[in-house]
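A.B. asks:
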Amino acid sequence: MTRTLPKASVEEMLRRKVLAVGAALFSLLVAGCGGGTETPPSTGETTEQAATTQQAATPPRTGPAKATEVADKCSLVSESQSQSLGADQTPRERDSNGRPGCQYQKGEAGAGWSVFVAASGETTFAQEVGKRRAPNKTSDLGGYPTVAYEETTGCVVYVDISDSGFLISNLAITGSDTIDSCGQAEKFAEAALHNLPNA
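Under the working numbering, read the sequence shown as residues 3 to 201, first letter to last.
(1) Once you ignore the five residues that flank T60 on each side, which residues in its own chain have a CB closer than 6 Å to its CB?
(2) Determine, using beta carbons only, whether L87 and A174 come nearer to each other than 8 Å.
(3) Once DSSP output is grouped into helix, strand and coil, what is the label at Q105?
(4) Is the beta carbon of A69 closer than 8 Å to that of L198?
(5) Would the beta-carbon of Y106 fall within 8 Å of that of S84?
(6) So I170 and S122 are supposed to be a Cβ contact under 8 Å. How far apart are they, rounded?
(7) Quick one: does the C-beta of A193 sit closer than 7 Å to a heavy atom of the ligand MN?
(8) Classify V72 as helix, strand or coil using the three-state DSSP reduction.
(9) So is D165 buried or exposed if we call it buried at 16+ other beta carbons inside 10 Å?
(10) Reducing DSSP to helix, strand and coil, say where G132 ends up.
(11) What residues in its chain sit with their C-beta under 7 Å from that of D142, if we drop five residues either side in the sequence?
(12) When you compare the CB of E192 with every CB in chain C, is at least one pair closer than 8 Å?
(13) Here's the rule: buried if 16 or more other CB atoms are within 10 angstroms of the residue's CB, otherwise exposed. What is N200?
(14) According to DSSP, what are the bridge partners of G156?
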């Protein structure tokens, strides 16, 4: 035969358990404050913002803010600049993941490599980098923090160009060429930086 406790007794037992757990947590918190490193004061950042800041791990931008919107997408890297960097096809405007930009290519489709370059104001550099794993390389292109993510099929480079956007240079190896994919993607990003007008 089961015994039913009065409702008041059940509520009292629950209240005591909650108080006991709360006291235990408080004692752990107090014990943890006795030594070690001091926790810095809150900056008002959310956990997500703090993670983004930590993952970006790049120095602040010192170059002037650049425009994130250009009418002629293939003006980012001129045809003569792209040819000097090894491209031998006519640059063409196209979208990648809904982002308008310009494609520069060496060799016909299926041979060589191609680079997609775009300026974007959709998200900030820190937000874009924060969505990804730790980069393979961080650098600075004349005052513009840069991160590179190398894959077996190429390399994606992001450059901090303004408080509200970034530059992307995405190189895909489409043939048997053996190139420094991140180095080549950075060269296209650097050329675009010179051409992008200040904001």
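All C-beta atoms in this analysis are idealised placements derived from N, C-alpha and C, irrespective of residue type, glycine included. Bear in mind that the values here come from a model prediction, so they are computed numbers and not experimental data.
C.D. replies: Working from what's here:
(1) To locate residue 60, count along the sequence shown from 1; it is residue 58. Cβ neighbours of T60 beyond the five flanking positions: T140 and P147.
(2) As a working mapping, residue 87 is identified with position 85 in the sequence shown. As a working mapping, residue 174 is identified with position 172 in the sequence shown. No; because the gap between Cβ atoms is not below 8 Å, this pair is not in contact.
(3) Locating residue 105 in the sequence shown gives position 103, counting from the first residue. Three-state result, Q105: strand.
(4) Within the sequence shown, the letter at position 196 stands for residue 198. Within the sequence shown, the letter at position 67 stands for residue 69. Cβ distance < 8 Å, so L198 and A69 count as in contact.
(5) Here residue 106 refers to the residue found at position 104 of the sequence shown. Here residue 84 refers to the residue found at position 82 of the sequence shown. In this structure, Y106 lies near S84, with their beta-carbon atoms less than 8 Å apart.
(6) Your numbering for residue 170 matches position 168 in the sequence shown. Your numbering for residue 122 matches position 120 in the sequence shown. Yes, I170 and S122 are in contact; Cβ-Cβ is about 6 Å, under 8 Å.
(7) For the structure depicted, the ligand MN is absent and the ligand set is empty, with no information on it obtainable.
(8) Taking the sequence shown and counting its residues from 1, one reaches residue 72 at position 70. Here V72 sits in coil by DSSP.
(9) Here residue 165 refers to the residue found at position 163 of the sequence shown. Classified as exposed, D165 has fewer than 16 neighbouring CB atoms from the shown chains inside 10 Å of its CB.
(10) Translated into the one-based positions of the sequence shown, residue 132 becomes position 130. DSSP places G132 in helix when its eight states are reduced to three.
(11) In the sequence shown, counting from the first residue as 1, residue 142 sits at position 140. Excluding sequence neighbours, D142 sits near P61 and T148.
(12) Absent here is chain C; the protein component of the structure consists of one chain.
(13) For the purposes of this step, residue 200 is taken as the residue at position 198 of the sequence shown. Answer is exposed; the Cβ neighbour count stays below 16.
(14) On the sequence shown, position 154 is the one that residue 156 refers to. G156 pairs with E153 and A174.
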